[in-house]
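Peer 1: Following this message is one structure expressed as structure tokens.
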Amino acid sequence: RELSRLEPVVTTIRAVRQLRAEQDATAEMAADPDEEVRAMAHEELARLNERGEALEEELRRLLVPRDPNDDRSVIIEVRAGTGGEEASLFAADLFRMYARYAERRGWPIELLAVSDSDSGGYKEAIAEVTADGAYSRLKYESGVHRVQRVPVTESSGRIHTSTATVAVLPEAEEVEIALPDKDLRIDVKRSSGPGGQSVNTTDSAVRVTHLPTGLVVDIQDEKSQHKNKAKALAILRARLLEMERQRLAEERGEQRRSQVGSGERSEKIRTYNFPDDRVTDHRIGLTVHNLPGLLAGDLDRLIEPLVEHDQAERMAQVGAGGGGDMTDGKRS
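When we follow our numbering, the leftmost residue of the sequence shown carries the number 393, and every step to the right adds one.
Okay, here's the thing in structure tokens:
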């Protein structure tokens with residue numbers, strides 16, 4: 393994986409060096425006694441210089457430090473926020489949007505846990521998206537999403553404002569986050585449906601408590617206790633990895649000033665305005681239209697500008713750090 397990531401860097405460096413050799417040869421032609429040859433050389437130099445600037449820019453982009461979690465699969469958690477039943481309906485809309493986005497990109501997605509609301513929405517829904525690079529796209533979705541629309545239960549046509557929170561966690565490998573038995577309390581019980589009635593005659597629902605941190609994960613979606621336990625442990629590992637990532641960032645003083653990609657769950661990142669058919673991402677001041685298309689999974693219209701903005705900021709940070717010629721050439 394590391395070699396494949398370096399391949400475009402090596403290719404671009406070679407292209408820059410080859411272009412510089414062409415520039416040197418053309419510069420010699422520009423000193424030719426023949427006026428026509430000089431004119432052709434100057435024209436060619438202008439073209440080569442333009443191409444060189446583009447290659448240098450591409451090389452800077454390729455050398456920008458990457459998020460070490462970008463290649464990971466993710467666990468995505470969507471929860472209803474303020475706004476009662478309407479918030480749960482909005483949470484369900486968001487969850488379906490991510491599921492459709494994953495399907496569009498050919499990414500396998502598996503529902504890990506869901507808690508239904510009385511209105512048919514989701515109080516909480518957790519899914520696993522298994523694909524290289526899923527985190528590099530979906531990480532920008534972490535935060536508070538706000539919706540403005542007339543709820544289906546509203547008879548007077550009044551617009552309500554509700555929220556849902558999204559957390560996108562890079563999936564942790566078992567070898568990264570050790571979960572010794574002494575750190576876990578595992579409780580099993582019968583799965584329950586609406587109203588608390590048992591939907592299962594076996595003890596398949598699992599609650600895993602991580603004793604050192606107090607984190608708790610409840611899973612009862614599968615009929616198999618072992619499958620529910622495996623899902624709960626996967627979610628727990630991802631949450632523990634995220635806690636560790638945040639702790640290290642604070643220790644090193646690396647909290648990004650930019651709001652893009654910071655993953656702060658308390659940050660209001662986006663507003664979905666149904667009456668005006670528009671979505672605004674507050675981090676970069678971007679507004680797009682066609683809400684139905686967006687909810688159908690056409691999410692790259694928002695994600696791509698966020699990726700570009702994040703990358704530009706990283707490039708600016710690299711530029712501010714100074715440095716010499718990245719190709720070991722003569723020019724700087």
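Virtual Cβ for every residue (Gly too), placed ideally from N, Cα, C.
1. State the CB to CB distance for the pair L628 and V609, rounded to an integer number of angstroms; the pair is presumed to be in contact (CB under 8 Å).
2. Mind reading off the beta-carbon distance from P554 to F666? Whole number of angstroms is fine, and I expect it under 8 Å.
3. What are the residues that DSSP puts in a beta bridge with S554?
4. Give me the Cβ distance between L447 and V408, rounded to the nearest whole Å; I'm assuming they're in contact under 8 Å.
5. Within 10 angstroms of the Cβ of S596, are there 16 or more other Cβ atoms? Answer buried if so, exposed if not.
6. For I578, count neighbouring Cβ atoms within 10 angstroms of its own Cβ and tell me buried if that reaches 16, exposed if not.
7. DSSP on R406, reduced to helix/strand/coil?
8. So the candidates are E442, A494, P697; which of them puts its Cα closest to the Cα of S465?
9. Going by DSSP, name the residue or residues bridged to L451.
10. Just to confirm, are Q617 and V580 a CB contact at a threshold of 9 Å?
11. Buried or exposed for E726, going by 16 or more other Cβ atoms inside 10 Å?
12. Are at least three pairs of beta-carbons, each pair with one atom in the region 435–452 and one in the region 505–522, less than 8 Å apart?
13. To which residues of the same chain is A422 closer than 8 Å at the C-beta, ignoring the five residues directly before and after it?
14. Cutting at 8 Å between CB atoms, please list the residues of its own chain near Q540, excluding the five before and the five after it.
15. Using 10 angstroms around the beta-carbon of K621, count the other beta-carbons present and answer buried if the total reaches 16, otherwise exposed.
16. Would you kindly check if the distance between the Cβ of V558 and the Cβ of G535 is under 9 Å?
17. Only counting runs of 3 or more residues, tell me where the beta strand (DSSP E) segments fall wholly within the region 463–492, in order along the chain.
18. Report the rounded CA-to-CA distance for A419 versus T404, giving the unit in angstroms.
19. How should L603 be labelled, buried or exposed, when 16 other C-beta atoms within 10 angstroms of its C-beta is the threshold for buried?
20. Going by DSSP, name the residue or residues bridged to D673.
21. Measure the beta-carbon distance from A523 to I468 and round it to whole angstroms, keeping in mind my assumption that it falls under 8 Å.
22. Specify the secondary structure class of A519 as computed by DSSP and reduced to three states.
23. Going straight from the alpha carbon of R599 to that of E445, what length do you get?
24. Between the region 470–487 and the region 499–512, do at least 3 Cβ pairs fall closer than 8 Å?
25. Around the C-beta of H681, are 16 or more other C-beta atoms found within 10 angstroms, so that it is buried, or is it exposed?
26. Since R443 and L486 should fall inside the 8 Å C-beta cutoff, what is the C-beta to C-beta distance between them, to a whole number of angstroms?
27. From E568 to L633, what distance separates their C-alpha atoms?
28. Determine the burial state of L503: buried for a count of at least 16 other Cβ atoms within 10 Å of its Cβ, exposed for fewer.
29. Using 10 angstroms around the beta-carbon of V544, count the other beta-carbons present and answer buried if the total reaches 16, otherwise exposed.
30. Which residues does DSSP list as the beta-bridge partners of P562?
31. For K531 and R458, I'd like the C-alpha separation in whole angstroms.
32. Identify the continuous beta strand (DSSP E) that holds L691 and give its terminal residues.
33. When we look at the beta-carbon of A570 and count the other beta-carbons within 10 Å, is it buried (16 or more) or exposed?
Peer 2: Put simply:
1. 5 Å
2. Contrary to the premise, residue 554 reads as Ser rather than Pro in this sequence. 11 Å between Cβ atoms; not a contact.
3. Within the DSSP secondary-structure output, S554 pairs in a beta bridge with V539.
4. 5 Å
5. Within 10 angstroms of the beta-carbon of S596 lie 16 or more other beta-carbons, which makes it buried.
6. exposed
7. helix
8. A494
9. Its beta-bridge partners do not exist; DSSP assigns none.
10. In contact: Q617 and V580 (Cβ atoms closer than 9 Å).
11. Any property of residue 726 remains undetermined from this structure, which presents the chain solely from 393 to 724.
12. no
13. R430, A433, H434, L437
14. I551, H552, T553, T663, Y664, N665, F666, P667
15. buried
16. yes
17. 466–472
18. Just so you know, the alpha carbons of A419 and T404 end up roughly 22 Å apart.
19. Burial is judged here by how many other beta carbons sit within 10 angstroms of a residue's own beta carbon; L603 has fewer than 16 and is exposed.
20. Bridge partners of D673: R662, L678.
21. A523 to I468, Cβ: 12 Å. No contact.
22. Correct three-state label for A519: strand.
23. 57 Å
24. yes
25. exposed
26. Not really, about 44 Å apart at Cβ, beyond 8 Å.
27. 8 Å
28. It counts as exposed.
29. Around the Cβ of V544, a 10 Å sphere holds fewer than 16 other Cβ atoms; the residue is exposed.
30. V466
31. Straight through space, the alpha carbons of R458 and K531 are spaced by roughly 13 Å.
32. Counting along the chain, L691 falls outside any beta strand (DSSP E), and DSSP gives it neither H nor E.
33. exposed
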